[in-house]
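Chemist: Right, I'll just put the structure down here and ask away after.
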Amino acid sequence: MRFSYVSHLYCPKCSKNYSVDDKQNLCECGSPLLVSYDYKALKEEWTKEDLVHREANLWRYHELLPVKKEENIVSLGEGMTPLLTMSELGKEYGITNLLMKDEGLIPTGSFKARGSAVGVSKAKELGVEELAMPTNGNAGAAWSLYAARAGIKSHVVMPEDAPMITRQEVHVAGADLIVIDGLISDAGKLVKEAVDQYGWFDVSTLKEPYRIEGKKTMGLEIAEQLKWNLPDVILYPTGGGVGLIGIYKAFKELVELGWIEPENLPRLVAVQAEGCAPIVKAFKDGKRDSEFWSDSTTAAFGINVPKALGDFLVLEAVYETNGCAVAVSDDTILKEQHHVAELEGAFICPEGAATFAAAKKLRIDGWIKEGESVICLNTGMGIKYPETVPMNVSVRSKTERL
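Position one of the sequence shown corresponds to residue 1 (full-length UniProt numbering), numbered consecutively onward.
Given below as structure tokens:
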């Protein structure tokens, strides 16, 4: 068996193919590129049983990942995060089978470790020496740390409102950190100019093909953890939307391999904040792509993306699974973040809290039906967002009785 059955890159818009052995960014038509595999050979040579005794990390799926040689893997042990039963919240919401995929328990403290592990590994295999990216925080932190492990120099541009801890992660990794007084869209413009000038490899969201491949392992894990019986609904906090695109791609590939049935795909829900909801607006208008969201703002900083490059892929995933897109207010998000911790003992990030708020709303509206199984994706640790939990606790004398 081959270590990887990767075949080629293809454009989902114009169908042009590209080699996986060359450095590639966007298609010449401007679309993100996706990775394809030799599914026929995989179906004949790879089985579920091959996974049984493998290490509990995302590289257990190496046949369906793009790194050709094992020695090029750059890893910090990422993947196989727990799927937790949220019984108390489920009772309250009226969702008897409510689960959480907890991506906070992963290197760098967020799901971004998946995309950076595979993206950096492939960059190493392709001989990349310097990479550049804009970030809202967690992606920059993850790519900087994995790049450091790979011996690759990284350049990261970040809005000044990004969580301070993520800025510190980028700095401690030895990356070239640039903080700007703008949004991630402004950071992206600066990165493009620098890439054109200095020849750095652009790893902006969806401007390289391999981040999706790391993110899709969330879908592969969910399927395996549920013994190949998928849930009815998966809710995902959506900014750039790579995770949602990846999960949908994973399920389609499992259908191609015959490991799951096409009629059993879960309904995918793109969750956004009311202060930045371009995907939700496009969905409500029945459109296949979104418009730029002016003056975007939200406490869930990771989903503050005014215009996603892969918006058409996010909307395709939602439409093709009979899913939906829903927005929730910052006030609701922060209240639910507290509520999840109080009821279930899980200190999740605000983006993850948005999915619980959305699940509650969709159950009230009847979109989630009684008896359906539901998974909420928590994409990071709550402790990375200390500013979302204001406190005013007085200091008492040590001699004062409790």
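We put the CB at the ideal spot given by N, CA and C, even for glycine.
Going by beta-carbon coordinates alone, are LEU33 and TYR18 separated by less than 8 Å?
Modeler: Going by C-beta atoms, LEU33 is nearer than 8 Å to TYR18.
Chemist: Tell me PHE3's beta-bridge partners as DSSP assigns them.
Modeler: Partner(s): none; PHE3 has no beta bridge.
Chemist: Looking at GLY323 and ARG217, is the spacing between their C-beta atoms short of 8 Å?
Modeler: Per the sequence shown, residue 217 should be read as Thr rather than Arg. It is not a contact, given that the beta carbons lie outside the stated cut-off.
Chemist: Contact defined as beta carbons within less than 8 Å: I believe THR355 pairs with ASP330. What is the distance between those atoms, to the nearest angstrom?
Modeler: Wrong, their Cβ atoms sit about 14 Å apart, outside the cutoff.
Chemist: Would you list the one or two residues that DSSP bridges to SER36?
Modeler: SER36 is bridged to HIS8.
Chemist: Which term fits TRP228, buried or exposed, when burial requires 16 or more other beta carbons within 10 angstroms of its beta carbon?
Modeler: That one is exposed.
Chemist: Please confirm whether ALA341 and ALA277 have their CB atoms less than 8 Å apart.
Modeler: The answer is no: Cβ separation not under 8 Å.
Chemist: Looking at SER87: is its Cβ nearer than 8 Å to the Cβ of PRO231?
Modeler: Cβ distance not < 8 Å, so SER87 and PRO231 don't count as in contact.
Chemist: Starting from the Cα of PHE347, find the closest Cα among LYS307, ALA358, ILE333, ILE212 and give me that residue.
Modeler: Selected option, being the one with the closest Cα: ILE333.
Chemist: Tell me whether the beta-carbon of THR321 lies closer than 8 Å to the beta-carbon of GLU351.
Modeler: No, the pair does not count as a contact, with Cβ atoms beyond the cut-off.
Chemist: Under the DSSP definition of a beta bridge, which residues are partnered with ASN97?
Modeler: In DSSP, ASN97 forms a bridge with SER373.
Chemist: What is the DSSP secondary structure of TYR210, counted as helix, strand or coil?
Modeler: Residue state, collapsed to three classes: coil.
Chemist: Does DSSP put residue 432 in a helix, in a strand, or in coil?
Modeler: Outside the displayed range of the chain (1 to 402) lies residue 432, so it cannot be described from this structure.
Chemist: Taking DSSP as the reference, what is the three-state secondary structure of VAL172?
Modeler: Looking at VAL172 - three-state DSSP - the assignment turns out to be helix.
Chemist: Would you give the residue range spanned by the alpha helix (DSSP H) that MET218 belongs to?
Modeler: Taken as a continuous stretch (DSSP letters only), the alpha helix (DSSP H) holding MET218 covers 217 to 225.
Chemist: Counting pairs of beta carbons, one from the region 287 to 305 and one from the region 131 to 139, are three or more of them closer than 8 Å?
Modeler: Result yes; three or more Cβ-Cβ pairs closer than 8 Å.
Chemist: Give me the Cα-Cα distance between ALA194 and THR166, rounded to the nearest whole angstrom.
Modeler: So the alpha carbons of these two residues sit roughly 22 Å apart.
Chemist: Across which residues does DSSP place HIS155 in a beta bridge pair?
Modeler: For HIS155, which the question treats as bridged, DSSP gives the partners ALA132, ASP176.
Chemist: With DSSP run on the structure shown, which of helix, strand or coil describes MET80?
Modeler: DSSP places MET80 in coil when its eight states are reduced to three.
Chemist: Rounded to whole angstroms, what's the CA-CA distance from VAL74 to VAL305? Just pull it up for me.
Modeler: Those two C-alpha atoms are separated by around 28 Å.
Chemist: Run through DSSP, which three-state label would ASN264 get?
Modeler: Note: ASN264 maps to helix in three-state DSSP.
Chemist: Over what stretch of residues does the alpha helix (DSSP H) that includes ILE245 continue unbroken?
Modeler: It spans 242 to 257 - the alpha helix (DSSP H) in which ILE245 sits, taken as one unbroken run.
Chemist: Determine the extent of the alpha helix (DSSP H) in which LEU235 is found, giving its start and end residues.
Modeler: Run containing LEU235: none in the alpha helix (DSSP H); it sits in the beta strand (DSSP E), 233 to 237.
Chemist: Cα separation between LEU145 and THR108?
Modeler: Cα-Cα distance, rounded: 8 Å.
Chemist: Does HIS155 pass the burial test, meaning 16 or more other C-beta atoms within 10 Å, or should it be called exposed?
Modeler: Classification for HIS155: buried.
Chemist: Between TYR61 and the rest of its own chain, which residues show a CB-CB distance below 8 Å, the 5 nearest in sequence each way excluded?
Modeler: Answer for TYR61: LEU51, THR217, LEU220, listed in chain order.
Chemist: Please classify TYR385: does DSSP put it in a helix, a strand, or coil?
Modeler: Coil, per DSSP.
Chemist: By the three-class DSSP mapping on this structure, what secondary structure does VAL269 have?
Modeler: Residue state, collapsed to three classes: strand.
Chemist: Helix, strand or coil: how does DSSP classify VAL393 here?
Modeler: Coil.
Chemist: Buried or exposed: TYR93, going by 16 or more other Cβ atoms within 10 Å of its Cβ?
Modeler: The residue in question, TYR93, is buried, as its Cβ has 16 or more Cβ neighbours within 10 Å.
Chemist: In angstroms with no decimal places, state the Cα-to-Cα distance between PRO82 and GLY30.
Modeler: Looking at the two C-alpha atoms, the distance is approximately 37 Å.
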